[in-house]
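Okay, so here's the structure we're looking at.
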Amino acid sequence: MTLPLLSCNSFKRNVGKEKFHESQHRGFCNNVRMLVSDEKPGIGGELLLGEKIKPKYSTFPKGDGGDAPSWVAFDKQVLSFDAYLEDEVPDKSQESFRIRYYKIYFYLEDDTIQVNEPGVINSGLPQGTSIRRHRISLPPPNDDQFYTVSHFNINIDVVFYGRKFRIYDCDTFTKNFLKKIGTKLNPPGQCPVDPYMKMRRETLEFVDPFRPYQSIDTLKQFLQYDRKVLRFFCLWDDSTSLFGDRREFILYYFLSDDTIEIREVLPNNSGRETMSSFLQRSKIPKHGPPGVYQPGQITDRAVLNIYGGLSEWRANGYLLDKYQLGKVKQEFYTDRDLSAGATLNVWGRKVLLCDCDEFTKNYYKAKYKIDNFTAISCKPPPLPKIERKFPPYTGFGSEEDSLRSCIGLKPTPHHKIFRKFMEYDGHSNVNNILRYLGKLITDKCADVDRLFVIAFYLSNGTISVFEPTERHSGNAVGMFLKRSRVKKPGQEVFKSELSEYIKAEELYIGTTVNINGYLFLVLNADEYTLKYMESNTDKFPYSNFDLAIQKLKQEQSRSTEIKQMFSAADCYHTKVMPYNTFRDILMSITLGKLIEQEFITIARHYQVPEIVEPDIAYLIPRVHEKFKKNMFENFDIIVFNCMYEDREKKGVLPTKDIKRMCKASRLPLSDDLLGTLLSKFEDKDKQINYKEFFSTLNWRKNPIPELQFPPYLKERYEDVWVGLPSPIPVKYIRYLDFLEDVYGLEEK
């Protein structure tokens, strides 16, 4: 009965096996039958009973790599062992053996071995590569196998082709690798000393050959550092001696031969010779000046005796002193002694190294690992400043003129700030004058309603006061104060210090200014002044919109009440509000925290723009007046340039080209005025008839009567502001935008 083919029921071990081939051990090489390999498995690729396959290459430690081949896992990894060999020396009385030292390199990628012998001077033996790199077989009877990493350790003997090498140590990488593969390392051994080499060294110490020419090799240093020079900036302070001073030098250190050269930095008109060489290129001793030496003390060689003519074959010569008993040992400065802050003794002169160049810093960083290069100033310390005391003002002329007469024997005029004068003198189309409307504060009933125009000139800080004409006022209108600088009140007249004058930062709407004893309340300012203050908020903080809004945001808790106040004021829901109503509400909210200048700044930000375009009958006279003041008559040249640009001869050019030509010809018109004027002459295609345009502007050929102001440009006084008639700065204000930005409220 046949048992089913189940587990434990079959006694045939080859059940399910499909390969029964026999491994090929023999083949042909050069048409000769020979054994190819005896390291192949038996039937079907399985090992025979008792057969073991010898590993071909070393295996790397488990867990330190994948299943990559050895030539990939151990690429460029070499084990290095230190070994020695006792080499027998026959037929020699001085020695019977020699100790020869070797380096054994084991390449892990293919188990090859190379043995090198380091060179020894005057050994008389062939040294270098003793065994070239290849796989070395084990000594008999295992000569069919090769050395692997498992055959190496410390304090063991290895035999290479009958020569026994004793391994006494290895490097760190080799120790770590052997530990990882599970090899128990032996303690490192001692390397014996070659007795013959020891005896030879002892003999040479006592018997030094007396040769007249000793080689001193300086070529290597020259080739390595040729044209490489360290540069230091130094100082010699000789101010303590009679007629001495501080002298600046540049020290050059030549790396090719360790010599130093010092050159002096001669300032202009120093009175010294033009030769800047302070010290010629040479070595500088550390302890100098050393004094006078005897002959032969500072030479490289000391001659004991001279001989010659003792025999026919012996040439003339001399004997050198081996021990150099009379020689003086000198120490010279090297690159180690040079650094910022060090002091050199240059033949008795104390030279301080203050700084160095970038190449020198990189050299010390690379060679000596120095990173601190703190420079020392070569300039002398500043002299103590003596406070000059001037006599008080005499009362004649200005204070600046009196002060200039005290500074020098020959009085010179006061130096004005020319840059400020050229920037704000009004040579361009901008006048650079701040104009304010002020009211005279007085107890006299006749002067209570008098209004003045206060002009501040930015070019030199002068102030002029003018009273406009008012009919039936009974006052002498016109110039109230000529253009001059105004002193601040409360200053002493006859004093040594210069007086303080009123500045532009002290003039703003709502303030009171004292001009030579007259008090003026600033009520308003013109458009240029308001724009100038808003563009220079660092000098005029009350024109800073953000700072003014921050004061209003402090009342965030009353946002609902504030909205109700604005809604009640706008009963017709026009979404705009007159300026006086808007100001009264803000005055009740802030309770005096805002001044008039801040009210105007907020109102100008939320104002309703008034579109008022001047007509051509007003623009042309105004432009002609500008041309007459500047004596501008180059209209024919501009027309000729326009004709050159008009290649198609249409008679028209784009507006942007006309504007560019006007700018290039320096027409004395502001950008706003020029843009308004061009818009009056352009057609629907944004083009202008240039002949008609410049013919209209030619005030010589086409004169126009004097300028007539339209009625809307005349000064108007509306409503009541702070109790006095004054022009309102803004007519209507968008209060809903104001509420949304400040309190986050929207219209419902």
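Everything in the sequence shown is counted per my numbering, starting at 7 for the first residue and increasing by one.
The C-beta atom is built at its ideal place from N, Cα and C for all residues, glycine as well.
Residue 393 counts as exposed, since fewer than 16 other beta carbons sit within 10 angstroms of its beta carbon. A direct Cα-to-Cα measurement between residue 366 and residue 360 gives close to 13 Å. In this structure, the beta-carbon distance from residue 265 to residue 292 does not fall below 7 Å. Taken atom to atom, the span from the alpha-carbon of residue 282 to that of residue 493 is near 57 Å. If you draw a straight line from the Cα of residue 335 to the Cα of residue 305, it comes to about 10 Å.
Shown here, residue 281 sits in coil according to DSSP, grouped into three states, outside any helix or strand. The residue from 177, 262 and 247 with its alpha-carbon nearest to that of residue 223 is 262. Using a Cβ distance threshold of 7 Å, residue 405 and residue 505 count as a contacting pair. Non-local C-beta neighbours of residue 356 in its own chain, meaning closer than 6 Å and more than five positions away in sequence, comprise 349, ordered along the chain. If you ignore the 5 residues before and after residue 694, its C-beta comes within less than 6 Å of the C-beta of 661, 664, 687 and 688, all in its own chain and listed in chain order. Taken through DSSP and simplified to helix, strand or coil, residue 642 comes out as helix. Residue 681 carries a helical assignment under DSSP once its states are collapsed to helix, strand and coil.
Per DSSP, the continuous beta strand (DSSP E) segment holding residue 94 begins and ends at 84-94. Looking at 520, 456 and 498, the one whose alpha-carbon comes closest to that of residue 469 is 520. By alpha-carbon distance to residue 207, the top candidate from 629, 700, 236 and 129 is 129. The alpha-carbon separation between residue 136 and residue 167 amounts to approximately 12 Å.
Less than 7 Å separates the beta-carbon of residue 528 from that of residue 515.
For residue 162, there is no enclosing alpha helix (DSSP H); the enclosing beta strand (DSSP E) covers residues 162-166. Here the alpha carbons of residue 536 and residue 384 stand approximately 52 Å from one another.
Between the stretch 672-684 and the stretch 652-660 there are fewer than three C-beta pairs closer than 8 Å, too few to call the two in contact. In this structure, the alpha-carbon of residue 559 lies about 16 Å from that of residue 607. DSSP places residue 627 in the uninterrupted alpha helix (DSSP H) bounded by 622-636. For the 7 Å CB-CB criterion, residue 463 and residue 447 do not form a contact. Look at the beta carbons and you see the stretch 137-148 touching the stretch 109-121: at least three pairs across the two are nearer than 8 Å. For residue 105, the closest C-alpha among the options 543, 94, 113 and 98 is that of 94.
In the three-state reduction of the DSSP assignment, residue 245 falls in the coil class. Taking C-beta separations shorter than 8 Å and ignoring five residues to either side along the sequence, the partners of residue 459 in its chain run 441, 442, 443, 444, 471, 472, 473 and 474, following chain order. Every beta strand (DSSP E) stretch that sits fully inside the stretch 511-549 and reaches 3 residues is listed by chain position as 518-521 and 524-531. By the C-beta criterion, the stretch 191-207 is judged to be in contact with the stretch 169-183, since at least 3 inter-stretch pairs fall below 8 Å. With a cutoff of 7 Å on beta-carbon distance, residue 748 and residue 609 are scored as not near each other. Here the stretch 630-646 lies against the stretch 665-681, with 3 or more beta-carbon pairs under 8 Å apart.
Residue 163 has its alpha-carbon roughly 23 Å from the corresponding atom of residue 83. When DSSP reads this structure, residue 122 sits in a beta bridge with 109 and 135. The alpha carbon of residue 23 has as its nearest neighbour, out of 377, 51 and 107, the alpha carbon of 51.
Looking from the CA of residue 593, the closest CA among 571, 612 and 580 belongs to 571. Residue 741 and residue 605 have their alpha carbons spaced roughly 13 Å apart.
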